[in-house]
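Reading through the structure tokens given below for one structure.
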Amino acid sequence: MTRLTDAVRPHGGRPADALRREARIVLRAGRAAWHGPGRERDLVVQSLKAAGAALIAWYVASDWLGDPMALMAPWVALVLVQATVYSSLRQAGQQCTAICAGTLLASGAQALTGDTLGALALSVPVLMLLSNWHRFGDQGIYGATTAVFTLASGTVSASAVGHRVGQAVLGAVIGVTVNALVFPPIHLRDVRENLAALPQEAGDVLHRIAGDLSEGDWDGQTAAHWSSCAARLERRLDALRSARGWSQESLRLTAGPLRAARRLPPQSVPPAEEDERWSRVTGHIAALTRTLTVAADDGRTPAPPDGPALRSYARLLDLIGDACHAESRRLLDPREDTRPDGGIEDAMWDLHERLQKELREYASQGAAPVTVLGTLLLQAENLWTETVPGTGDQ
-11 MTRLTDAVRP
-1 HGGRPADALR
9 REARIVLRAG
19 RAAWHGPGRE
29 RDLVVQSLKA
39 AGAALIAWYV
49 ASDWLGDPMA
59 LMAPWVALVL
69 VQATVYSSLR
79 QAGQQCTAIC
89 AGTLLASGAQ
99 ALTGDTLGAL
109 ALSVPVLMLL
119 SNWHRFGDQG
129 IYGATTAVFT
139 LASGTVSASA
149 VGHRVGQAVL
159 GAVIGVTVNA
169 LVFPPIHLRD
179 VRENLAALPQ
189 EAGDVLHRIA
199 GDLSEGDWDG
209 QTAAHWSSCA
219 ARLERRLDAL
229 RSARGWSQES
239 LRLTAGPLRA
249 ARRLPPQSVP
259 PAEEDERWSR
269 VTGHIAALTR
279 TLTVAADDGR
289 TPAPPDGPAL
299 RSYARLLDLI
309 GDACHAESRR
319 LLDPREDTRP
329 DGGIEDAMWD
339 LHERLQKELR
349 EYASQGAAPV
359 TVLGTLLLQA
369 ENLWTETVPG
379 TGDQ
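According to our numbering, the sequence shown is numbered sequentially starting from -11.
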């Protein structure tokens, strides 16, 4: 997904160009949310749930209960519609504790000093220090902000303190309830999408390398671009690990009720072994690009292989890239048979044997010529074994 900083960073154009790019990104996201399930639609649902929780909390606190300090309930409900039900519940406890601490400390400071400025000076530094306590998570800042609101309102009586704490609890109950009962967020799809994107992007990188190698016109700048592509694979891998963690957390407290209501997605997430498998592929591609970067450096001793060997190697990488794309389709649709047919496997073995022969010929010319080709061939074998399981041991 394109990050916001990438969208607005100037590329030698005018601010109007950046705005047009941003508008296109927003339109693509809107179309994706409209056309079918996906990350964009999930974000829309969560946003509307948060707004709905705030409206319900305001109605209950202000119109139904007639509380004069109804602001706290919708505020708390709004921020507690989180990415998972478990995180909503955990943060509800942290936030309510922080709000209670802020309210009590601010009220006590006001009673002690009798002055708003003095109460702020006495309570806010303490609360800011407490906000860094790991038990509060990222909710600790609400202690200090609650203290500011408490003192700014000018009402610090015991009744006002009770109202604020009660409203915070009410908002937390409404926020957690809405998140748990109204389309509870399940992040299984994020795992599958991120995992399928990893072999897709790995195949793209291998095809790019193969195309540049087969043309024979590549240098240090080209190799640097390959390294940048490999780094993007690492970031995709980090996104996959994050999605895996969210998916596991999203099923805590919700898996049983959702199964009973038959609300779980029909397909479970791929096993975690797939994450490790494509983590190894990412590492092999990174090692491959490092080897090619060294070979492209005129100041280094190892030199790249000549034309015929390089073209054979490029063709082998191209076939491995095709296998990566096939695996991506399988991860999106497990019913798809992605194993290469006999002709493709024969072509891969033929290229492998041809490169082994080239390697033996290079060995007769000394250590330096054989270094790069041998390393590249080993990395291609590692990639082949991971992307087409069961072929590397033949």
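Note that the Cβ used here is the ideal one computed from N, Cα and C, for glycine as well.
These numbers come from a predicted model, not from an experiment.
Review point. Nearest-angstrom Cα distance between Asp103 and Ser141?
Key: Along the sequence shown, one-based indexing puts residue 103 at 115. Along the sequence shown, one-based indexing puts residue 141 at 153. Rounded to whole angstroms, Asp103 to Ser141 spans 13 Å at the Cα level.
Check your understanding: Between Ala156 and Ile87, which are expected to be in contact by the criterion C-beta below 8 Å, what is the C-beta distance as a whole number of angstroms?
Key -> Walking along the sequence shown from the start, residue 156 turns up at place 168. Walking along the sequence shown from the start, residue 87 turns up at place 99. Contact holds; Cβ gap of about 4 Å.
**Study point:** Spatial distance of Leu7 from Gly96 (CA atoms)
**Key:** Here the question's residue 7 lines up with position 19 in the sequence shown. Here the question's residue 96 lines up with position 108 in the sequence shown. Answer to the nearest angstrom: the Cα atoms are 50 Å apart.
Practice item. Taking Leu305 and Ala198 to be in contact with their CB atoms under 8 Å, please state how far apart those CB atoms are, rounded to whole angstroms. Key: As a position in the sequence shown, residue 305 is number 317, starting the count at 1. As a position in the sequence shown, residue 198 is number 210, starting the count at 1. That belief holds up - the Cβ atoms of Leu305 and Ala198 are roughly 4 Å apart, short of 8 Å.
Exercise for review: Look at Ala42 and Leu15 and say whether their C-beta atoms are less than 7 Å apart.
Suggested key: As a position in the sequence shown, residue 42 is number 54, starting the count at 1. As a position in the sequence shown, residue 15 is number 27, starting the count at 1. It is not a contact, given that the beta carbons lie outside the stated cut-off.
Review point. In three-state terms, what does DSSP make of Ser119?
Key: Looking up residue 119 in the sequence shown gives position 131. Three-state result, Ser119: coil.
Practice item. Quick one: which unbroken alpha helix (DSSP H) runs of 4-plus residues sit fully inside the stretch 32 to 69? Chain order, please. Key: 60 to 67
Review point. When DSSP labels each residue in this structure, what does Phe171 get in the three-state scheme?
Key: Looking up residue 171 in the sequence shown gives position 183. Coil at Phe171, not helix or strand.
Exercise for review: Give the DSSP-derived three-state secondary structure of Trp389 in the structure shown.
Suggested key: An answer regarding residue 389 cannot be provided, because it is not within the stretch -11 to 382 covered by the chain.
Exercise for review: Note down the Cα distance separating Ala311 from Glu346, rounded to an integer number of angstroms.
Suggested key: The sequence position of residue 311 within the sequence shown is 323, counting from 1. The sequence position of residue 346 within the sequence shown is 358, counting from 1. In a straight line, the C-alpha of Ala311 is about 24 Å away from that of Glu346.
**Study point:** Where Pro113 sits in the DSSP three-state scheme
**Key:** For this step, residue 113 is matched to residue 125 along the sequence shown. Pro113: helix per DSSP, three-state reduction.
**Study point:** Cβ neighbours of Leu276 in the same chain (closer than 6 Å, five flanking residues each side left out)
**Key:** For the purposes of this step, residue 276 is taken as the residue at position 288 of the sequence shown. Contacts found: Gln367.
Check your understanding: Which residue from Gln209, Ala219, Gly208 and Pro172 puts its Cα closest to that of Glu189?
Key -> Counting from 1 along the sequence shown, the entry for residue 189 is found at position 201. For the residues Gln209, Ala219, Gly208 and Pro172, the minimum Cα distance to Glu189 belongs to Ala219.
Point to revise | Residues near Ser300 in its chain [Cβ-Cβ closer than 8 Å; skip 5 each side] | key: Position 312 of the sequence shown, counting from 1, holds the residue named residue 300. Excluding sequence neighbours, Ser300 sits near Leu339, Arg342, Leu343 and Glu346.
Practice item. Taking only the alpha-carbon atoms, compute the straight-line gap between Arg196 and Ala274 and give it to the nearest angstrom. Key: Position 208 of the sequence shown holds residue 196. Position 286 of the sequence shown holds residue 274. Those two C-alpha atoms are separated by around 14 Å.
Check your understanding: Taking the alpha carbon of Glu264 as the point to measure from, which residue in Leu320, Val153, Arg232 and Ile308 has its own alpha carbon closest?
Key -> In the sequence shown, residue 264 corresponds to position 276, counting from 1. Taking only the C-alpha atoms, the option nearest Glu264 is Arg232.
Check your understanding: Can you check whether the CB of Ile308 is closer than 7 Å to the CB of Trp214?
Key -> Working through the sequence shown from its first residue, we reach residue 214 at position 226. Working through the sequence shown from its first residue, we reach residue 308 at position 320. Cβ distance not < 7 Å, so Trp214 and Ile308 don't count as in contact.
Review point. Cβ of Met116 within 7 Å of Cβ of Ala132?
Key: Taking the first residue of the sequence shown as 1, we reach residue 116 at position 128. Taking the first residue of the sequence shown as 1, we reach residue 132 at position 144. Yes.
Exercise for review: Return the chain-ordered list of same chain residues with a C-beta closer than 8 Å to the C-beta of Ser147, the five sequence neighbours on each side being excluded.
Suggested key: Counting from 1 along the sequence shown, the entry for residue 147 is found at position 159. Taken in chain order, the list of residues that qualify is empty.
Review point. What span of residues does the alpha helix (DSSP H) with Gly271 cover, start to end?
Key: Locating residue 271 in the sequence shown gives position 283, where the first residue counts as 1. Its alpha helix (DSSP H) spans residues Ala260 to Ala284.
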